[in-house]
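Plus 1054 on top of the position in the sequence shown (first one is 1) and you've got our numbering. Structure record follows, encoded as structure tokens.
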Amino acid sequence: MGLFSRLFGNKNTQPTQIEVDPIEYKGFLIYQEAIGEGGQFRIAGRITKEIDGEVKTHKFIRSDLLPTQSDADEFMLKKAQMFIDQMGDSIFQ
């Protein structure tokens, strides 16, 4: 069965979610989750914060591709911090 799955595509393939340790910034948690794509990495991640007992999440994926995962994660962190500085809690509205 594995041979046919590889030949004709396995429709059950789901991208595996890797656990990442968040970085705390001004009460927000930033998760760096670069997406591998064609030998490069797309800048992606999540920003979360607990507000009134509920965890709010903002996910984003940028169009930028970088050569390494560490580059993509570094850029994501800087963009997320800038976004938090500019938007504050209104990120989740």
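Even for Gly, the Cβ is constructed at its ideal location relative to N, Cα and C.
Inter-residue spacing [alpha-carbon to alpha-carbon] between residue i and residue j
{"i": "I1084", "j": "K1103", "result": "9 angstroms"}
{"i": "S1144", "j": "G1093", "result": "35 angstroms"}
{"i": "A1126", "j": "G1107", "result": "31 angstroms"}
Start-to-end residues for the alpha helix (DSSP H) that takes in residue i
{"i": "I1145", "result": "Counting along the chain, I1145 falls outside any alpha helix (DSSP H), and DSSP gives it neither H nor E."}
C-beta atoms of residue i and residue j nearer than 8 angstroms
{"i": "G1099", "j": "F1114", "result": "yes"}
{"i": "V1074", "j": "E1091", "result": "no"}
{"i": "Q1123", "j": "F1095", "result": "yes"}
Range covered by the beta strand (DSSP E) that runs through residue i
{"i": "T1102", "result": "Q1094 to I1105"}
{"i": "K1113", "result": "E1108 to L1120"}
Local Cβ density within 10 Å of residue i, reported as buried at 16 or more and exposed below that
{"i": "M1130", "result": "buried"}
{"i": "M1101", "result": "First, the residue type needs correcting, since residue 1101 is Ile and not Met in the sequence shown. Buried, by the Cβ-count rule."}
{"i": "I1105", "result": "exposed"}
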